[in-house]
């Protein structure tokens, strides 16, 4: 049976359409995907992301341990700073992508993907040395994302933490509605905003307060559908689509978080060998030049020959045409390259374009 977040009753009150996702009952939409997407882009949207997992890593040598576990250089981040990174298998494929929050010198709070929470927790714990504590603290937290240009003034009403002082990918430990909170300037939409981690039981009161205060700014609750189209417009990866066990971060366009110049980490040898032998494919953005919408799994061709596959695709609510993220042969990755996507046995012309597809105007 699917689990319910602390905000389940709030979603039902708001007439959210509930679906199972990653083992959770989650709202896929409320007023409608396109409406929610547009509201987040132009005003402000509120998301329940409590299905995401949280793992706490603490103790002597936890910094050195994490630096051996992930591809990015954890030593580069300061206390109260967050970092996007990837965990890899020895073969170079992705265990998961995640965000590490440095709470203190040897204290880290890690956000992982919902469907991978147990797997990631076991992976981290099984690789941890003596003296390092690894806890799955997911049941303790409600995670709420408030995203959009009006996010800051709404959230500021309920916290004494000066939000304007929090830079992108930094966070503060403070209070929201007088409840302990981790307030991070992060998100999965491409808009300005915050992801807040609060005690599980306090989630409904904080959600309701943000919804009430946000009415003057046009706030709307947003479901998983809009979250997916928003991240697709930004070409943000999603586990099971752009990254997974058989896909590596270098070909996924995540080379910027793979620090091959740091000491050994899990998967480094395989990634170094891959880079030296030459990457075979690239993750690109495609714009549909026809009316058909590209979807995950659709084959990409050139002159009738398969050269790639779509990993994510949608009708862009902002751009009003079909867009896709796709792996293609590396020699075909240039901007402007024309390719076909096979949609219901029809070849639909597409063009490789610059990404992100959407650029924030403020």
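Numbering (our numbering), first residue to last: -16 to 345. Yeah, the Cβ is synthetic: ideal placement off N, Cα and C, and Gly gets one too. Since the structure is predicted, the reported quantities are computational estimates derived from the model, not experimental observations.
How should residue 341 be labelled, buried or exposed, when 16 other C-beta atoms within 10 angstroms of its C-beta is the threshold for buried?
-> For the purposes of this step, residue 341 is taken as residue 358 along the chain shown, with counting starting at 1. Classification for residue 341: buried.
One or two residues paired with residue 178 in a DSSP bridge
Indexing the chain shown from 1 puts residue 178 at position 195. For residue 178, which the question treats as bridged, DSSP gives the partners 128 and 167.
- Residues bridged to residue 106 [DSSP beta-bridge criterion]: Counting from 1 along the chain shown, the entry for residue 106 is found at position 123. Bridge partners of residue 106: none, in fact.
For residue 31 and residue 128, I'd like the C-alpha separation in whole angstroms. Reading the chain shown from its first residue, position 48 is the one you call residue 31. Reading the chain shown from its first residue, position 145 is the one you call residue 128. Roughly 6 Å separates the two Cα atoms.
Q) Taking DSSP as the reference, what is the three-state secondary structure of residue 340? A) Here residue 340 corresponds to residue number 357 of the chain shown, with the count starting at 1. If DSSP states are grouped into helix, strand and coil, residue 340 belongs with coil.
| said: Taking 8 Å as the cut-off, does the region -4 to 13 touch the region 93 to 108 (at least 3 CB pairs, one atom from each stretch)? | reply: yes
Residues bridged to residue 305 (per DSSP):
The residue you call residue 305 lines up with position 322 of the chain shown. According to DSSP, residue 305 bridges with 298.
Quiz prompt | residue 125 to residue 230 span [Cα, whole Å] | solution = Taking the chain shown and counting its residues from 1, the one referred to as residue 125 is at position 142. Taking the chain shown and counting its residues from 1, the one referred to as residue 230 is at position 247. Using only the alpha carbons, I get a separation of about 31 Å.
Query raised in the report: Do you know how far the Cα of residue 265 is from the Cα of residue 110?
Result: Against the chain shown, residue 110 aligns to sequence position 127. Against the chain shown, residue 265 aligns to sequence position 282. Roughly 31 Å separates the two Cα atoms.
Check your understanding: Expressed to the nearest angstrom, what Euclidean distance is found between the alpha-carbon atoms of residue 282 and residue 307?
Key -> For the purposes of this step, residue 282 is taken as residue 299 along the chain shown, with counting starting at 1. For the purposes of this step, residue 307 is taken as residue 324 along the chain shown, with counting starting at 1. If you take the alpha carbons of residue 282 and residue 307, they lie about 12 Å apart.
Using a 10 Å radius around the Cβ and a threshold of 16 neighbouring Cβ atoms, would you call residue 351 buried or exposed? Given a span of -16 to 345 for the chain in the structure shown, any question on residue 351 remains unanswerable.
Suppose the cutoff is 7 Å on Cβ atoms and the five residues either side in sequence are ignored; what does the same chain contact list for residue 233 look like?
Numbered from 1 along the chain shown, position 250 holds the residue referred to as residue 233. Closer than 7 Å at the Cβ level, and outside the excluded window around residue 233, lie 241, 254, 257, 258 and 262.
* To do: Please state whether DSSP places residue 346 in a helix, a strand or coil.
  => Only positions -16 to 345 of the chain appear in the structure, and residue 346 is not among them; the question remains open.
In whole angstroms, what is the alpha-carbon distance linking residue 169 and residue 180? The residue given as residue 169 occupies position 186 in the chain shown. The residue given as residue 180 occupies position 197 in the chain shown. Their backbone Cα atoms lie some 12 Å apart in a straight line.
Q. So, using beta-carbon positions, are residue 201 and residue 114 closer together than 7 Å?
A. Sequence index remark: in the chain shown, residue 201 carries index 218 (1-based). Sequence index remark: in the chain shown, residue 114 carries index 131 (1-based). Going by C-beta atoms, residue 201 is not nearer than 7 Å to residue 114.
ask   = DSSP state of residue 204, grouped into three classes?
value = Position 221 of the chain shown, counted from the start, is the residue given in the question as residue 204. Correct three-state label for residue 204: strand.
Indicate the three-state DSSP secondary structure (helix, strand or coil) for residue 139 in the structure shown.
Start at 1 with the first residue of the chain shown, and residue 139 comes out as number 156. Residue state, collapsed to three classes: helix.
Does the contact criterion of 3 or more C-beta pairs under 8 Å hold for the region 218 to 228 versus the region 291 to 298?
yes
Inter-residue CB distance, residue 271 and residue 184 (contact presumed, cutoff 8 Å): For the purposes of this step, residue 271 is identified with residue 288 of the chain shown, where counting begins at 1. For the purposes of this step, residue 184 is identified with residue 201 of the chain shown, where counting begins at 1. Residue 271 to residue 184, Cβ: 46 Å. No contact.
Problem - Proximal residues to residue 245 (C-beta, below 6 Å), its chain only, five neighbours per side dropped - result: Reading the chain shown from its first residue, position 262 is the one you call residue 245. Counting only Cβ-Cβ distances below 6 Å, and skipping sequence neighbours, we find 56.
Segments of 3+ residues assigned as beta strand (DSSP E) that fall wholly inside the region 39 to 96 = 65 to 71, 77 to 87 and 90 to 95
Checklist entry - Is it right to say residue 346 is buried, meaning 16 or more other beta carbons lie within 10 angstroms of its own, or is it exposed? => result Look at the range of the chain in this structure, -16 to 345, and you will see that residue 346 is not part of it.
- Message: For residue 62, which residues in the same chain have their Cβ closer than 8 Å to its Cβ, ignoring the five residues on either side in sequence?
- Response: Translated into positions along the chain shown, residue 62 becomes position 79. Closer than 8 Å at the Cβ level, and outside the excluded window around residue 62, lie 85, 86, 87 and 88.
inquiry  = My output table needs one value for residue -16: the three-state DSSP class, helix, strand or coil.
reply    = Residue numbering aside, residue -16 sits at position 1 when the chain shown is read from its first letter. Looking at residue -16 - three-state DSSP - the assignment turns out to be coil, as it is neither helix nor strand.
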